[in-house]
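Chains as they are written, first to last, in my numbering: chain F, 59 to 308; chain B, 93 to 348.
As structure tokens, this is what we get:
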């Protein structure tokens, strides 16, 4: 279970997270939605310790990760994997090398075993005959799949997805969502997805958290969010131009 | 007036912070290198990139530097009737000073800038974050191999520079200007001491650390976007070159 308690984070004079509290249930898919520039990716980076809060605490399975030394933080990160918005594949390595990298560096597995596991991971995400391709030879959707394969290979308990479908066409977007759902069902990890995909995300996530002005405005099931009375939530999910998000009155 | 004081104060604080961060980066990199040097394959790749691929530019620079030293040395020494000392003059200049400094400046231009650009692009495209999320220490995989490769490569490149430069001077002095070939080499053997060679190696070794340090540091903390990487690369080359020359002065004054 992941718990964010009273998180404050500013960059210079700009306050991004302002007393954010969030409890992410174990073994479920939680989506964080909200307008652009509200700090969704910043929130995700706090969960995995890439950013430290100015104030507040982040608990992973009851243990605070704020202020841990690099080696201690790395121990906690063994539970995690992250799929980045632009996949963040190592651009000077092939697909095979990208997926195998962590296994080669962190384990003493035989080459044959690593090859087998990479093949299985790539198969899980529906990719074949891409081993020798470089990231710049792949489409956006394929990059996301390679990113997911790289994440799955480490058998993490928690996977963080930073806008996994940004820049993809509707068909590929749906395919990626379906892939997340399928792999979650198979491996049972806790997932946190930062997303703008309304309404698709309601069919993927078990819980939705609406981030607005540095705080979680509403947390609930997709039904709760879709039937919300909150004007900000309503405007965001309907995509209306008129409302508190534009006027800043919320 | 208050604005001016505020500006000076904030600039000073920023400079001190930057120095502290750069110092911490160097110490942590050397610590990582000593403790967890990483797999040999990463080191070999970097030695190939920093060392082997710099060979052409080093040889080219060395041969022309030696030739210029041959010409200038001959011109000066004939005024005192001691052109037989040309070999010693060329070799001493190269081994003590020009070999380490010029080879370091050449490697800075070729490999130092590329190190900054590579790490900078990895920073802005979240590849370094990706390493961290896999609980892999970026210092171990990106920084340490470059440090060790630069430390190993620089003295070797410097040696090659010295030898090629000496033969560049020989080509001009002996073959073109008619200096006695026996005198060229025998005076050189008499003049060069182990201390001269040693001081050249100490210099190139420390220049290797400077190249890797600034190259990696500037890339690791590159700003945003392509402009951030471009700025970091320029700063890296300028700062490394200046540091090499300044550090060379202090080392020379100690090692003389």
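Ideal Cβ placement from N, Cα and C applies to all residues, glycine included.
Next on the checklist: Between which two residues does the beta strand (DSSP E) holding residue 72(F) run?
Outcome noted: 72–82
Item to check | Chain-ordered chain F contacts of residue 109(B) [CB-CB under 7 Å] | outcome: Simply none; closest approach about 14 Å.
Checklist entry - Using a beta-carbon distance below 7 Å, is residue 288(B) in contact with chain F? => result no
Item to check | Reduced DSSP category for residue 116(F) - H, G, I as helix; E, B as strand; rest coil | outcome: strand
Checklist entry - the stretch 186–218 of chain B: which residues have C-beta closer than 7 Å to a C-beta of chain F, in chain order? => result 217 and 218
Next on the checklist: For residue 208(F) and residue 157(F), which I take to be in contact (beta-carbon distance under 8 Å), what is that distance rounded to the nearest angstrom?
Outcome noted: 5 Å
Next on the checklist: In whole angstroms, give me the CA-to-CA distance for residue 101(B) and residue 95(B).
Outcome noted: 10 Å
Next on the checklist: Determine, for residue 225(B), whether the minimum Cβ-Cβ distance to residues of chain F falls below 7 Å.
Outcome noted: yes
Checklist entry - Is the distance from the Cβ of residue 250(B) to the Cβ of residue 191(B) below 7 Å? => result yes
Checklist entry - Given that residue 138(F) touches chain B, what residues does it touch there, using C-beta distances under 7 Å? => result 225
Next on the checklist: I want to see whether chain B comes within less than 7 Å of residue 135(F), judged by CB atoms only; does it?
Outcome noted: yes
Item to check | Near-chain F residues of the stretch 222–254 of chain B - C-beta to any C-beta below 8 Å | outcome: 222, 224, 225, 226, 227, 228, 229 and 233
Next on the checklist: Strictly below 9 Å CB to CB, what residues from chain B border residue 245(F)?
Outcome noted: Correct list: empty, because the minimum Cβ distance to chain B is about 17 Å.
Next on the checklist: When you compare the CB positions of residue 64(B) and residue 138(B), do they come within less than 7 Å of one another, or not?
Outcome noted: Not covered by the structure: residue 64(B). The range shown for chain B is 93 to 348.
Checklist entry - If you draw a straight line from the alpha carbon of residue 153(F) to that of residue 288(F), how long is it in whole angstroms? => result 45 Å
Item to check | the stretch 213–226 of chain B touching the stretch 166–173 of chain B, judged by at least three CB pairs closer than 8 Å | outcome: no
Item to check | Contact with chain B by residue 108(F), beta-carbon distance below 7 Å | outcome: yes
Checklist entry - So, using beta-carbon positions, are residue 74(F) and residue 92(F) closer together than 7 Å? => result no
Item to check | residue 156(F) at chain B interface by Cβ criterion, 7 Å | outcome: no
Checklist entry - Mind checking whether residue 76(B) and residue 108(F) have CB atoms under 7 Å apart? => result It is not possible to answer for residue 76(B), since the shown part of chain B is limited to 93 through 348.
Checklist entry - So, residue 125(B) versus residue 240(B), is the Cβ gap smaller than 7 Å? => result yes
Next on the checklist: Cβ closer than 8 Å: which chain B residues qualify as neighbours of residue 212(F)?
Outcome noted: 226
Checklist entry - Under the three-state reduction of DSSP, which class applies to residue 316(B): helix, strand or coil? => result coil
Checklist entry - Three or more C-beta pairs closer than 8 Å, one from the stretch 133–145 of chain F and one from the stretch 275–288 of chain F: is that the case here? => result no
Item to check | DSSP three-state assignment for residue 278(F), whether helix, strand or coil | outcome: strand
Checklist entry - Around the Cβ of residue 257(F), are there at least 16 other Cβ atoms within 10 angstroms (buried) or fewer (exposed)? => result exposed
Checklist entry - Who pairs with residue 140(F) in a beta bridge, going by DSSP? => result 218(F)
Item to check | Contacting residues, own chain, Cβ-Cβ under 7 Å from residue 120(B) (five flanking each side not counted) | outcome: 231
Checklist entry - With DSSP run on the structure shown, which of helix, strand or coil describes residue 301(F)? => result coil
Item to check | N- and C-terminal bounds of the alpha helix (DSSP H) containing residue 124(B) | outcome: 94–127
Checklist entry - In chain B, which residues lie less than 8 Å from residue 294(F) when you measure between Cβ atoms? => result What residue 294(F) touches in chain B: nothing, since even the nearest Cβ is about 26 Å away.
Next on the checklist: Does chain B have any CB closer than 7 Å to the CB of residue 148(F)?
Outcome noted: yes
Next on the checklist: Judging by CA-CA distance, which residue of 281(F), 192(F), 212(F) and 155(F) is the nearest neighbour of residue 245(F)?
Outcome noted: 212(F)
Next on the checklist: Please tell me whether residue 163(F) has its Cβ less than 7 Å away from any Cβ of chain B.
Outcome noted: yes
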